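Chains as they are written, first to last, in this note's numbering: chain A, 4 to 504; chain B, 4 to 504.
Since the structure comes first, as structure tokens, the remarks are kept for the end.
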């Protein structure tokens, strides 16, 4: 084979893989948005065929030969090509370790599990979902053993979502957070009614909330020709085929407009990151975000660091007033700012405030760690979930719908994902500090001018897609190593101010 | 190869083909419903990969060997298997005649053409769409020449949509209709203001019309676990992967509720036919309707023969009253019945009354015939379109949006499809006459009991999917040959009564 031919083949291979992932991603997306209820099996059959084809394509003899040849010619490849070959070979070497029939069966399982989870959540019926979740954990352990027999299976999956992450790192990271946040939360608890958030609750008709979503997407600077919004049980973001087609979703709760508002801003952050990939990365494995941690650093950056900041709220308050004139009577921007930052130990992770949020994540981390280590059965998950919520957050879980069934991650097979939310939150604060050295962020927010902020993120994070590993990317952007104390400093400062501590 | 193995392989092959058609169908559906505007190229790339894979799968050496072996063992196959092998081999022999790169390029062209057509229709810009339409006609002629070099290319495509149909048959069929309908229309024209349809126009908010759609789907007996509705520029029906997942779409016009109402009933008829396939046909080529003519016989059966009948309107009138109480003040069921049957030569095919409808189809038939025969250029289509509308319907076309750009068929590559609408209308009347021998249709409609009607159609038409060729299926159901005069008799009787002629 000639090198220039092989380089062309490399691009063709990735274009094909993008097409399969477009088709499969769309089938999942359709399943959560538009598909009729009774069609999960139908989707499962199709996904099993497509994932088998995708598997053959990406691990087939021809592909392996191509990549090994290119790997041997590494020094004659561009930096981008080198990274493509590295990522493709890494995933092939992993996939080769998983028997194809098990891989295909897992894809089918996930489709059915997602369907059963929806029903189980709707009807508060954990036993319905239990056998599926058992199989998912069991498969995750099995696959981890195939791919990295010497690693703890949970370490394997943590590393999958955040390159280099281990349980011992998480243990240290969470311990740091705990040591700073638990005292802060205790102090805040003593001033329980210091902040009144009744202005967030009332009657906010869905079609008005939908208009608000459009306005928020405009403010964030999302390109509506390439990003669309729809509604699902659990909000998410997905890109189909390339970053040119990105979808976010939200969930409208009629008596609480802030819930969807922050879903839109959070998912909007993911979408900004995805669509910000350099265009020449499209249809390659370098397109889109590099890791879940970096992804969450962007989504939670927009959601909290900007979206829950005083100048942002002051800027969008007039939009709230015009869409909800009756509901906003007698309410001011500062009331909204305080209300969306009220600290209140609660049941639902996605609705949690910034301070208690990490405790929700810690609970999931501990539960996953126990199940993946064989120290807790899936059957006992709800009981242990409820116990930890009582212990960490002091709340009593009234049903599994608002407990162990609340998140879609497990039904989608994502075990080891949750820690990246906490990690991303911490990355985000350090990035913001760095950004503030050259961008007057507060003035931008007050004036609703997001472009300087987006430009900084595009230049330092988004444009690179998956070109650099997360640690390297972060250190390039920060010009310093990661330091979680930036995050705890930020939280202490903000909430001491808010609560007059 | 052993016969039992080959029979298993036959089912596996079809399951794979269903998966690809699921993925490709969903990408089209998504393009018309949920996808952001700027994503046509992204979809085009994916479809070109998937259609190439689909092409390889269905015309590959292994597949051909399998089917030829099964064909040689025909006498040991079931009736269903025989038909599967026949249909698959027929399509392979056709596809083998089309070079793969041209086939793939055509799929890509259609995605872009659809996108350009949407814009062109929105902005009344035929020249924007013209080069795409030119390529579509050109490719249709070229493909027909590859597949059937001795046939007129238009005959080739007519036969594709309705097995056995030719231009000479269409010429005779349309001449029959014309000879009976043109005098009827002239008589009706003399009583132009005899029917007042102002009750159909007014202010009908979209969300109320959407509720009405749900009610109509319930009345029709559609299974909402397997059939869903969304909105598109041009209403259509599609099944994804199997008849277990069927989608209909409609288009809401705020000042005219009957437009969407009849789209829902028409597409609902298609969906009833598709979802009515016997379950054991799923994931095979026998799943779903056999031809466009039979498909339209069902959709137009529900739309017109039932949906525009007096007892049906009397049954659903209370639903209209409850959803549109203000708009229905002073209006009675008989007023609605008369209004939805008002004969009025007009611009838009999908909104046309039953009597003038066939003239809309005839115009398209004549235009397609001319372009496919090289007697008319695509560039001159709008002029000729407008001339024929003036000549046949006496109406002046004010812009291409309401003229040559109104239908989505051509942008989707469907040339030769239109005649099946007229043919289907005629099949439908003869089927209704036959049904009435054993089912008290009027009483069923009056009482809103669709099941006996649906059961007859399911038994005689739907369950068979594509097991029998259309002509055979029709004659089995009718126990008689096709007779278009049933249709003209029906129209004359109904409209002489309505117009007191």
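We treat Cβ as the ideally placed atom computed from N, Cα and C, and that holds for glycine.
All values derive from a computational prediction rather than experimental measurement.
**Prompt:** Quick one: is residue 255 of chain B near chain E, going by C-beta distance under 8 Å?
**Reply:** Although the question refers to chain E, the structure presented lacks it and instead comprises the protein chains A and B.
**Request:** Using the Cα positions of residue 343 of chain B and residue 287 of chain B, report the straight-line distance between them to the nearest angstrom.
**Result:** Translated into the one-based positions of the second chain, residue 343 of chain B becomes position 340. Translated into the one-based positions of the second chain, residue 287 of chain B becomes position 284. Whole-angstrom Cα-Cα distance: 39 Å.
**Request:** Starting from residue 126 of chain A, follow the alpha helix (DSSP H) in both directions and report where the run begins and ends.
**Result:** Translated into positions along the first chain, residue 126 of chain A becomes position 123. Here the alpha helix (DSSP H) through residue 126 of chain A covers 103–126.
**Message:** So for residue 259 of chain B, helix, strand or coil by DSSP?
**Reply:** One-based indexing of the second chain puts residue 259 of chain B at position 256. Reduced to three states, the DSSP call for residue 259 of chain B is strand.
**Prompt:** According to the Cβ coordinates, are residue 240 of chain B and residue 270 of chain B closer than 8 Å?
**Reply:** Within the second chain, the letter at position 237 stands for residue 240 of chain B. Within the second chain, the letter at position 267 stands for residue 270 of chain B. Here residue 240 of chain B is near residue 270 of chain B, since their CB atoms are less than 8 Å apart.
**Message:** For a test of your reading of the model: does the CB of residue 299 of chain A fall under 7 Å from any non-hydrogen atom of the ligand HEM? Yes or no.
**Reply:** Because no ligand of any kind appears in the structure shown, any question about the ligand HEM cannot be addressed here.
**Message:** If you measure between the beta carbons of residue 448 of chain B and residue 314 of chain B, is that distance less than 8 Å?
**Reply:** As a first step, residue 448 of chain B is located in the second chain; it is residue number 445 there, counting from the start. As a first step, residue 314 of chain B is located in the second chain; it is residue number 311 there, counting from the start. When the beta-carbon positions are compared, residue 448 of chain B and residue 314 of chain B come within less than 8 Å of each other.
**Asked** Would the beta-carbon of residue 506 of chain B fall within 8 Å of that of residue 228 of chain A?
**Response** Nothing about residue 506 of chain B can be reported from this structure: the residues present for chain B run from 4 to 504 only.
**Asked** When DSSP labels each residue in this structure, what does residue 245 of chain B get in the three-state scheme?
**Response** Here residue 245 of chain B refers to the residue found at position 242 of the second chain. The three-state reading of DSSP puts residue 245 of chain B in coil, since its state is none of H, G, I, E or B.
**Asked** Who are the Cβ neighbours of residue 274 of chain A in its own chain at under 7 Å, not counting the five residues just before and after it?
**Response** Numbered from 1 along the first chain, position 271 holds the residue referred to as residue 274 of chain A. These residues qualify, in order along the chain: 225, 230, 240, 249 and 251.
**Message:** If the criterion is Cβ atoms closer than 8 Å, does the pair residue 294 of chain B and residue 263 of chain B meet it?
**Reply:** For the purposes of this step, residue 294 of chain B is taken as residue 291 along the second chain, with counting starting at 1. For the purposes of this step, residue 263 of chain B is taken as residue 260 along the second chain, with counting starting at 1. No, these two residues do not count as a Cβ contact at 8 Å.
**Prompt:** Between the region 380–387 of chain B and the region 431–440 of chain B, are three or more C-beta pairs nearer than 8 Å?
**Reply:** no
**Item:** Within-8 Å CB hit, residue 229 of chain B to chain A
**Value:** On the second chain, residue 229 of chain B is found 226 positions in, with the first residue counted as 1. At least one chain A Cβ lies under 8 Å of residue 229 of chain B.
**CB contact below 8 Å: residue 36 of chain A versus chain B** = Start at 1 with the first residue of the first chain, and residue 36 of chain A comes out as number 33. Yes, because at least one Cβ of chain B sits closer than 8 Å to the Cβ of residue 36 of chain A.
**Asked** Going straight from the alpha carbon of residue 52 of chain B to that of residue 8 of chain A, what length do you get?
**Response** Residue numbering aside, residue 52 of chain B sits at position 49 when the second chain is read from its first letter. Residue numbering aside, residue 8 of chain A sits at position 5 when the first chain is read from its first letter. Near 19 Å, if we compare the C-alpha coordinates of residue 8 of chain A and residue 52 of chain B.
**Request:** Taking 8 Å as the cut-off, decide whether the C-beta atoms of residue 236 of chain A and residue 121 of chain A are in contact.
**Result:** Taking the first chain and counting its residues from 1, the one referred to as residue 236 of chain A is at position 233. Taking the first chain and counting its residues from 1, the one referred to as residue 121 of chain A is at position 118. Result yes, Cβ atoms of residue 236 of chain A and residue 121 of chain A sit closer than 8 Å.
**Message:** So with CB distances below 8 Å, who are the chain B contacts of residue 30 of chain A?
**Reply:** Residue mapping note: residue 30 of chain A aligns to position 27 of the first chain, counting from 1. Residues of chain B passing the Cβ test: 25, 26 and 29.
**Message:** For the region 224–251 of chain B, list every residue whose C-beta sits within 7 Å of some C-beta in chain A, in sequence order.
**Reply:** 227, 228, 229, 230, 231, 233, 244, 245, 247 and 248
**Reference residue 11 of chain A, options A:38, A:88 and A:365, closest by Cα** = For the purposes of this step, residue 11 of chain A is taken as the residue at position 8 of the first chain. Considering only alpha carbons, the answer is A:88.
**Message:** Does any residue of chain B have a CB that is nearer than 8 Å to the CB of residue 455 of chain A?
**Reply:** In the first chain, the residue the question calls residue 455 of chain A occupies position 452. So, not an interface residue.
**Asked** Tell me, which residues are paired with residue 204 of chain B by DSSP?
**Response** On the second chain, position 201 is the one that residue 204 of chain B refers to. Partner(s): B:259.
**Asked** Looking at the unbroken alpha helix (DSSP H) that takes in residue 171 of chain A, where does it start and where does it end?
**Response** Counted from its first residue, the first chain places residue 171 of chain A at position 168. Unbroken alpha helix (DSSP H) run through residue 171 of chain A: 170–192.
**Asked** Does the region 332–339 of chain B come close enough to the region 464–478 of chain B that 3 or more CB-CB pairs lie under 8 Å?
**Response** no
**Prompt:** Does any residue of chain A bring its CB to less than 8 Å from the CB of residue 286 of chain B?
**Reply:** Taking the first residue of the second chain as 1, we reach residue 286 of chain B at position 283. At a cut-off of 8 Å, the C-beta of residue 286 of chain B has a neighbouring C-beta in chain A.
**Asked** Where does the unbroken beta strand (DSSP E) through residue 233 of chain B begin, and where does it stop?
**Response** Mapped onto the second chain, residue 233 of chain B falls at position 230. Taken as a continuous stretch (DSSP letters only), the beta strand (DSSP E) holding residue 233 of chain B covers 230–234.
**Asked** Given that residue 41 of chain B touches chain A, what residues does it touch there, using C-beta distances under 9 Å?
**Response** Counted from its first residue, the second chain places residue 41 of chain B at position 38. Residues of chain A whose Cβ lies closer than 9 Å to the Cβ of residue 41 of chain B are, in chain order, 226, 227, 228, 229, 247 and 248.
**Message:** Contact criterion: CB-CB distance below 8 Å. Does residue 64 of chain B meet it with respect to chain A?
**Reply:** Numbered from its first residue, the second chain carries residue 64 of chain B at position 61. Output row for residue 64 of chain B: interface = no.
**Asked** Over what stretch of residues does the alpha helix (DSSP H) that includes residue 413 of chain B continue unbroken?
**Response** On the second chain, residue 413 of chain B is found 410 positions in, with the first residue counted as 1. Run containing residue 413 of chain B: none; DSSP gives neither H nor E here.
**Message:** Using a Cβ-Cβ cutoff of less than 8 Å, which residues in the same chain neighbour residue 495 of chain B once the five nearest sequence positions on both sides are dropped?
**Reply:** Your numbering for residue 495 of chain B matches position 492 in the second chain. If we look at residue 495 of chain B and ignore the five residues flanking it on each side, its Cβ neighbours are 183 and 187.
**Asked** Do the CB positions of residue 460 of chain B and residue 324 of chain B come within less than 8 Å of each other?
**Response** Counted from its first residue, the second chain places residue 460 of chain B at position 457. Counted from its first residue, the second chain places residue 324 of chain B at position 321. For residue 460 of chain B and residue 324 of chain B, no; Cβs fall outside 8 Å.
**Message:** Taking the alpha helix (DSSP H) that residue 89 of chain A belongs to, which residues open and close that run?
**Reply:** The residue you call residue 89 of chain A lines up with position 86 of the first chain. Residue 89 of chain A -> alpha helix (DSSP H) spans 82–98.
**Prompt:** Quick one: what's got a C-beta closer than 7 Å to residue 3 of chain B's C-beta in the same chain, skipping five residues either side?
**Reply:** Any property of residue 3 of chain B remains undetermined from this structure, which presents chain B solely from 4 to 504.
**Asked** Which residues in chain A sit within 7 Å of residue 45 of chain B, going by Cβ to Cβ distance?
**Response** Residue numbering aside, residue 45 of chain B sits at position 42 when the second chain is read from its first letter. 244, 245, 247 and 248, listed in chain order.
**Message:** What residue range does the alpha helix (DSSP H) around residue 315 of chain A cover?
**Reply:** As a first step, residue 315 of chain A is located in the first chain; it is residue number 312 there, counting from the start. Counting along the chain, the alpha helix (DSSP H) containing residue 315 of chain A begins and ends at 313–326.
**Message:** Check whether the region 67–74 of chain B and the region 20–34 of chain B are in contact - that is, three or more C-beta pairs closer than 8 Å.
**Reply:** no
**Supposed close pair residue 365 of chain A, residue 395 of chain A - CB separation, criterion 8 Å** = Here residue 365 of chain A refers to the residue found at position 362 when the first chain is read from its first residue. Here residue 395 of chain A refers to the residue found at position 392 when the first chain is read from its first residue. Right, their Cβ atoms sit about 7 Å apart.
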